[in-house]
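Working notes for the structure below.
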Amino acid sequence: MRKWTLALMAVIWAGTTGAAPTETVVLQAANMTCPTCSITIEKALEKVPGVADTAVDTKAGTVTVTFDSERTSASDIARAITEAGFLAKARTNGG
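Note that the sequence shown covers residues -19 to -1, 1 to 76 in mature numbering (1 follows the signal peptide of the UniProt record, and there is no 0).
As structure tokens, then:
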């Protein structure tokens, strides 16, 4: 029983220490006019390795992306959105 407990603890510990570093970026995306635009952007971001979560707000013209910073970057994400037809750039602080 003790070996089983130690093994379980080792697995849990390894899982928490090996977590990928995540970042969140908010990008302004131009030309978003309808719900189909958000689908196009989401599909483009599905192809970017490391993207974990995406939230598109067509009214605000923003795309919020949570990603693994060891696998991709904010500039790679902006490039994918731009290549999908929506000029994207990271929002500056406060804006």
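C-beta: ideal position from N, C-alpha, C; glycine also.
Residue nearest to residue i in terms of C-alpha spacing, selected from the options
| i | options | result |
| --- | --- | --- |
| Thr35 | Ala1, Asn12, Ala59 and Gly66 | Ala59 |
| Thr3 | Glu23, Ala11 and Ser50 | Ser50 |
| Pro16 | Val29, Thr47, Thr43 and Pro30 | Thr43 |
| Val7 | Pro30, Gly66, Ala55 and Glu64 | Ala55 |
| residue 85 | Val37, Pro30, Ala1 and Asn12 | This structure cannot settle anything about residue 85, because the visible part of the chain is limited to -19 through 76. |
Environment of residue i [buried if 16+ CB atoms lie within 10 Å]
| i | result |
| --- | --- |
| Leu68 | exposed |
| Ala71 | exposed |
| Leu26 | buried |
| Ile20 | exposed |
Residues that residue i bridges to, as DSSP identifies them
| i | result |
| --- | --- |
| Ala10 | Ala69 |
| Thr47 | Thr5 and Asp34 |
Residue i: first and last residue of the uninterrupted beta strand (DSSP E) it sits in
| i | result |
| --- | --- |
| Ala33 | Val32 to Asp38 |
Range of the contiguous alpha helix (DSSP H) that encloses residue i
| i | result |
| --- | --- |
| residue 78 | Beyond the ends of the chain as shown, which are -19 and 76, falls residue 78; an answer cannot be given. |
| Ala55 | Ala55 to Glu64 |
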